[in-house]
Amino acid sequence: MESYGLDMAREALLITLTISAPILVAGILVGLVISIAQAVTQIQEQTLSFVPKIAAMILVSVALLGWIAGQLVDFATIMFEG
37 MESYGLDMAR EALLITLTIS APILVAGILV GLVISIAQAV TQIQEQTLSF
87 VPKIAAMILV SVALLGWIAG QLVDFATIMF EG
């Protein structure tokens, strides 16, 4: 019984990482592109990259909403079936 709880905790962490990875990668890539553009143009405004990163992360979240919901439903089904 103890291993079941550990397996569920491990699975929950794995699902969390799997779901959050595409969103975080989008934010990192947009931030990298904006940082390179700022370095090339010598614009040193710190807040310039904030809005595009948030917008990209929201767009990826909306685009992957069905997949995210499916992953969470599958995990909840496995967890409650025991």
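In this text, residue positions in the sequence shown follow this note's numbering: the first is 37, and each later residue adds one.
For every residue, glycine included, the Cβ atom is placed at its ideal position computed from N, Cα and C.
These figures come from a predicted structure and were not determined experimentally.
Check: With DSSP run on the structure shown, which of helix, strand or coil describes Gln78?
Finding: coil
Q: Consult DSSP for Leu100 and reduce its assignment to one of helix, strand or coil.
A: coil
What separation, rounded to the nearest whole angstrom, lies between the Cα atoms of Tyr92 and Leu108?
Before going on, a small fix: residue 92 reads as Ala here, not Tyr. Cα-Cα distance, rounded: 22 Å.
Q) Under 8 Å between the Cβ atoms of Ala57 and Val96? A) no
* Can the beta-carbon of Ser85 be found less than 8 Å from the beta-carbon of Gly67? -> yes
- request: Determine the direct distance from the alpha carbon of Thr113 to that of Ala48, and round the result to whole angstroms.
  value: 12 Å
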